Structures are given as C-alpha cells and as structure tokens.
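In our numbering, each residue carries its 1-based index in the sequence shown increased by 2.
Worksheet for the structure shown next.
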Amino acid sequence: MTKKRGFSLLIAVMLLLSSVLPVYAGTAAADSSVEQNAKISKEEAKKAATDAVKKFFGLEIDDKKYQTNIQLMPRMDFRRSYSWEVSWSLFDGRTSSHISAGIDAATGKLTRFYKSESYSSRDQVAVALLSKEQAQGFAETFLAKTNPEQFKQTKLLDMNSAYYVKTRPDYSFRYIREINGIRYDNNYINVSINGVDGSIRSYDYNWEEDINFPSAEGVISKEKAMQILKDSLDMKLRYSSVRSKIRPSTEPPVIRLAYQPDYQYGIYADALTGQALDYSGKPLAEQKSRDISREQMEKYAADTKTRRVISKEIDSKRAAEIINHRIKEFFGENYRLENLNYSENEVQWQASSKRTWSAEIIKNEDASVNFVGQVSIDALTEELLSFNRYDNGYAYGEAYEPKLTWEQAYDKAIELIGSYFPGKLPCIKTKQTNYLQTYLVNNVEVPERRVYFHFPRVEKGIEFTDSSIAVDLDLKTGEVMSLYCNWIENPPLPSAEGNIGGEKAKELYLKDFDAVLKYVPINQNKAPDSANPLKIVYSLENKPGTLRGEYIDALSGKITDYSGEEINMTETDFNTKIKGLPAEKELSILAFQGIIDAKDFDPDREITFIELVKMLVNAKGYRPTASGAAEVLLFKNITKKDDSYSYINEAVRYGLLENEPVELELEAKVTREQMVELIVTMSNYDKLAQAKDIFVLSFEDAKQISPDRTGYVAIGKGLGIITADNGKFRPNDDAKMAEAAVGIYKALDSLR
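In structure tokens form, the structure reads like this:
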C-alpha cells in the first residue's frame, strides 16, 4: 500500500501574502506634486522606516546587501492619505527575503510592516509551536510597546472562521477601536504573529488622531434595531455554483439553489432615528436606480443576430482577425494583438468557455512590448468573452470633468451588451442602483471616476449570479475599462419546488446574529483628504464564537459555505472537545492549521485509512488545483466523482501511496504500525526505514511488529512519533485519531 521510494528531505516553507497587506496594493504611485507637498520627505521616510524596523522588529538593514525601493502611495483609507512605502529585497540564489514598511507622509509614523521569506522548494507544511493564546500574548506585548495609548482603546475582534489548510503557521489578530462601548471599524491595528517563534510577521495601523465621536445618548434599543435590520434584510433565492474544495477547479461546478442575504433595503439602522441606511450611511430614499423599458428590451431582442456555432474551433488566423477587429473597436487603429493563445476546458479569470482564443494588446510602435489590455473570444461562436484595459492614467482623488453621468454610463453599458451579447440581454437583470460616491476636489464636486455594473443572469425568475455580464466604465473619458461575459451554456438548474421559503431562510440566517453599535463615516462630499462626520448605527454582526455562512441551502435549510459544506462547527466547539487532553495544545494547533478536520475529530475514535490519508496530505500541503494535473489513478474503486479522489491523487503525488490497480479499503481501521509507516513516509524517511538489520527495538512486544515495518517503527520512536505504553508498542491495535494527529505533529516538529 505504501509507495516504496524515497524523497530527499526538503525542509522549506512557502509563504503566502499576508491577510493584512496594504489596502493600496495595485494602485498607481502619487504624482510629483503630491510628493513635493508631503510633510515627510523621501529621505526622512527612509530613515524613519529603517529606524522603526530596527527598534520594533530587531532587523538591521544593510543597504549594500538589500535592493531598496521607495514610493509615495495613496493609502485609500478614511482620509485618502498618503504613505511612503519602503521595501528591501534580498535574493541569494536559494532563498529570497522581502521586508517592507509604510511611513505616514504627514506624521512620519510607522503604519505598516511586512516580512516574508520564501525558499526555492517546498515539501512540507510548517507547523506552529505556539498556541493561539500564546501568539495573542506576543501580539499584545508588541502593541503595548508600539501604540500604548491607542491599544488601550481597542478590543480584539472575534475572527472565528472555518478551518482550512494553512501552509504557514501564522496567527492574525485584529484590534478594533472602541469608544463609549461603540465600535469604530475604520480605526484598527492588525498584527500577524509567526506561530513558531512569536516574531511579528506583519503589522497594519489605521488610525485617526483628531476625530469627534458623537454622544450615544438617546440611541434606540438593541431589540428595536434588530427588528429594523430584520425587516430591511431580504433573502434572495439564487442559483450558485458550488466550488468544491476537494475536486480540481477545472471540473464544471455543481449548481445549487440557495438563499443569500441582500442588503439593498438597508445594511444599517440609524441608532437615533431608526432609519434604514445603505452601506455609505445614507437613507435608502436617496438611492437612485435605472432600468430599461419593455420597448427597449423588445427592440434589442428584435435586433438579436442568429448565434453562429461551428462544429470545429476556429484557427489562429481567423482568431487573430476577429481579435484585431475588437481591438480597433475598443482602442482604435494604433493597436494590435500580441501573444495569441488557445485553451480548452479551462475556467479562466477572464471568462469561462470550453474553447477560448485570447491575446494581449500592445501599441503598434511600442518596441518594449508594454501590454495595455487583453481580449478573449469563444473559439466556437467567435463571440467576445472578455475585454480588459489595463491602465488609463487614473489618479485617485483628482478633479476632472465627467464625460459621462452615471445614467449615461448605464445606458452605454446596456448598449454594449446589446451590441456584443444581444441574445443574452433579455436573460439578465437589467435594473441597477447608483451607489457612486462623490467628493470635493478644490471645491469642485466630482464623482468617483470608475463605475461598475454587474448584470446577473435570470432563469425561471431566479438570479444566477455566477453566470453574468459585467461592465466597467471610466466616467472621465467614457472609455470601456472592462467587459466580461461569464456565461454557462445550458446549466443543469435544480428545481425550486419545495424550497424552504424566504422567511424561513431569514430566520435561519439571523439566528447567529446580533445588532451591534458602530460609528460609521457619512459621505458629505468633503475633500478627499478630510474626514467625514460620524453617525451611530446598528449593524448585523455574528455572535461571538459563531461562524458566518452566506448561503442557506434552499432545500435542506442548512447554513453552508461557498463549497456547499455545512457550517456547524466553531472554534469554541472544538476547544471544548479537546479540553484537558494531554495533547490539547498540539491538537488545537493542528486544527487551526487545517491539518485535522475539527468538525469530525473525535480523539478516542479509531481512525480510518482515508481519514489518516487526509491528515497526511494536509500536512504535506493540500493543493487540490494541483490534483487536476496529477497522474491518472489506477485504483479500481476510486473515480473522479468520489469525495476522496483529490486526496488520493495528492497522496500518490506525494509518494504516500503506490498508484496500482487494486482496491483501497478507505473505511478500514488503521493499526498502530500502519499509522507509523505512513507518518514516517510522510517525513521522507521511508528509504532509510527500509534498510536491513540496522534497527533494534526495545519494546516488550517487538516480535509482534511486521518485519518490513521494523525500520518505520524504530524511526517513529526516535522522532517521538510514538512512545511505549508500559513497555509495549501494541502494533496491531487500532490507532486512535488523537494519537495519529499527535504523531503527525511530532513528525512535522522534527523536520524544522
């Protein structure tokens, strides 16, 4: 059963982007005029960053070793302020190191820190040594040193979330400002702690020093607010695609029927007046919507061209001809395609289609090949699937003369859909609501420059949001920034007959929610660099210790996540289950990192073969997208429809199982010697374990151990994976879930 080949020991960690990366990522740097007016100069910012990194994180920056970069960037925060972003990078051929720090351009204060190290290879998940409580202690000690006064005004936000495999053993904590017992979510401090050594992985500080918090006198009761919020909430029956956690992403998604919350009737309740407010704090009466008339719809429907479908995909010559034509339509004569690519059976970020031709766009005279956009078309119908313009010199917060109003932009979006997707226009929800914000620049009121429209498909009167058309327009230039058609042909839509109904769905959704007082800023068309006044509102928040699910299965009534998996397990539930166990700390760490399934974990229950395989694959780094590219499985009783398919595929890829035409007994109990063999194989010591006549075991029942597993048991004992029980190993006893989990933890710990 176990694959008889070894791997070289690769002790490495793949570091992912932190959950608290700066909110300005992806935006353009500030122009020279902003830089000249900054109170903190570039040189001062670099020194402040270098000093802060040394003072708070103990890191000495050697400019001779590190490549340094510094830019002034918009923070896109409550005041739309600017921050000097200083970064240092080092690559020595095997590892790369990146350190970055943000310095407020007005105050010189450290606003952000991030440190990452990546290795040229990775073959194991790094496991934490610290518990969540220990990591929290490190976070709070750090904040008491860096922001003592601000930290006193914060409260740790309950961030209960579903367990999933975390390749990096980091803990993230979010401290929200709280005044008069009322939360102000716009002010916060985020800290991420390395779960191995307690060092700071990342830090993000977002705070207003001078702000007027209105009095809470006269606020309505929580009960009254809860009723307003309940009345404002609409549970929409929608079709949605279930994105499986365990099947390759290249497979077509399953479509289900679920209720989802729709806050168009109000996301807040004014704590003084009881009015329902939208997300920006404005009364719903101020919302403006637009739709097309029946006559317009009939006209577009009458203009619909017969859809061209051919039996074989078009060739590259024809694809280039069509794409170049689309480029001229969107960009003009001076542009052409580059990097023409064909793909089959792929779900792409641009659009979904069985067969697709796509290309980048460049200027004809551009010798450096700077891509300015992208186009993709359907290879069977020649229809446009997506268009994207990469950059048009957009500077946030600038004054400009709009070429389009929101209403004109809507009309243009409808015109685009009528032109490129005429047959789909009658199948989408055309009504849109204007949520566009405006602000003052040099005493001139201007709207946000980009406007986005999302038109979901409607089938049998039910929205299908995953099959939709989206349009993004620039109000200053009138240019189309992006146009996407994500359309699933002939989707197998489930029947809505017998569904639980909207009121029942609302009751189920709200059972774990409470009304929480908050301060929210109300946009009053002020200048981009000035704060808006605050209003006290009630908002729906999960009760402490509960998990948030955005889907209510329309037939079963179960609260689920995006993958359709029921959410009925919380961190509190799991901690209660393992409380007092000798390995409580190790089990809590394994659950936090998603290596063990907290929902089904029972410490004293015998573990099955498939449960152990899943733990081992998680410990190696479960990546279901990689499973799609793995070798074809030969096992007689495993097919792609099985929930265990991708785990078995990953186990083969990692060398935990031999891919051979036999039947796997997935639900069979695992003996202790089988457990040790698999854990040692996961640790990449299987080649050593197969060496003959070099191992001696002192267990009283050593003769009961299978001869071909003697080396595995000896290595397991040496690594601390197993221990003697009154001098005995008990090789043929069934292994328990807790001892398998602890064995995996010990193995991972030994590989540091």
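For every residue, glycine included, the Cβ atom is placed at its ideal position computed from N, Cα and C.
The structure presented is a predicted model; accordingly, all values stated were derived computationally and were not measured.
In this structure, Arg-357 lies near Glu-315, with their beta-carbon atoms less than 8 angstroms apart. Proximity to Ala-600 across Val-374, Ala-743, Val-244 and Tyr-402 peaks at Ala-743, based on C-alpha coordinates. DSSP, read as helix, strand or coil, puts Pro-709 in helix. Between the C-alpha atoms of Thr-52 and Gln-69 there is a straight-line separation of about 14 angstroms. Residue state for Gly-375 is assigned as strand, using DSSP reduced to three classes.
Sequence-distant partners of Arg-550 (beyond 5 residues in either direction) whose C-beta falls short of 6 angstroms from its own C-beta, in its chain, are Asn-544.
The continuous alpha helix (DSSP H) containing Arg-674 extends over residues 674-684. DSSP places Gln-136 in the helix class (H, G or I) of the three-state scheme. Taking the Cα of Lys-414 as reference, the smallest distance to any Cα among Ala-472, Val-460, Ile-105 and Leu-387 is reached at Ala-472. In this structure the stretch 553-572 does not touch the stretch 581-591; the number of beta carbon pairs closer than 8 angstroms is below three. Cys-487 has Ile-471 as its beta-bridge partners, per DSSP. Taken atom to atom, the span from the alpha-carbon of Val-453 to that of Phe-611 is near 53 angstroms. Inside the stretch 535-598, DSSP marks whole beta strand (DSSP E) runs of 3 or more residues at positions 536-544 and 553-555, from first to last along the chain. If you look at Pro-449, you'll find it in the beta strand (DSSP E) that goes 446-449. For Glu-608, the three-state secondary structure derived from DSSP is strand.
Looking only at Gly-718, Ile-723, Ile-696 and Glu-675, the smallest Cα-Cα distance to Ile-707 is reached by Glu-675. One alpha carbon belongs to Val-374, the other to Asn-326, and they sit about 14 angstroms apart. Annotation: the continuous beta strand (DSSP E) that includes Gln-69 extends over 69-76. Counting C-beta pairs with one atom in each stretch, the stretch 37-48 and the stretch 104-116 have three or more that are closer than 8 angstroms, which means they touch. Per DSSP, the unbroken alpha helix (DSSP H) holding Pro-150 starts and ends at 150-154.
Annotated as proximal: Leu-477 and Lys-405, with beta-carbon spacing under 8 angstroms. The C-beta distance from Gly-729 to Glu-702 rounds to 5 angstroms, short enough to fall under 8 angstroms.
Nearest neighbour of Phe-697 by Cα position, chosen from Ser-685, Asp-710 and Asn-686, turns out to be Asp-710.
Take the alpha-carbon of Asp-555 and the one of Asn-336: they are about 51 angstroms apart.
In the structure shown, Gly-500 adopts coil according to DSSP, grouped into three states.
By the neighbour-count criterion, in which a residue is buried when 16 or more other Cβ atoms sit within 10 angstroms of its Cβ, Val-55 is buried. Put simply, of Met-677, Ser-646 and Thr-683 the residue whose alpha carbon is nearest the alpha carbon of Glu-660 is Thr-683. Collapsing the DSSP output to three states places Thr-358 in a strand. Beta-bridge analysis with DSSP links Glu-465 to Arg-240 and Val-460. DSSP, reduced to helix, strand and coil, places Val-615 within a helical segment of the structure shown. If you draw a 10 Å sphere on the C-beta of Ser-685, you find 16 or more other C-beta atoms in it, and that means buried.
For Asn-208, the secondary structure class from DSSP, reduced to helix, strand or coil, is strand.
For the pair of segments examined, the stretch 457-475 was found to touch the stretch 484-501: the number of CB pairs separated by less than 8 angstroms reaches three. Listed in chain order, the non-local C-beta contacts of Asp-736 below 6 angstroms within the same chain comprise Glu-608 and Lys-671, local neighbours out to five positions each way being set aside. With a threshold of 16 other beta carbon atoms within 10 Å, Glu-367 falls short and is exposed. For Asn-661, there is no enclosing alpha helix (DSSP H), as DSSP gives it neither H nor E.
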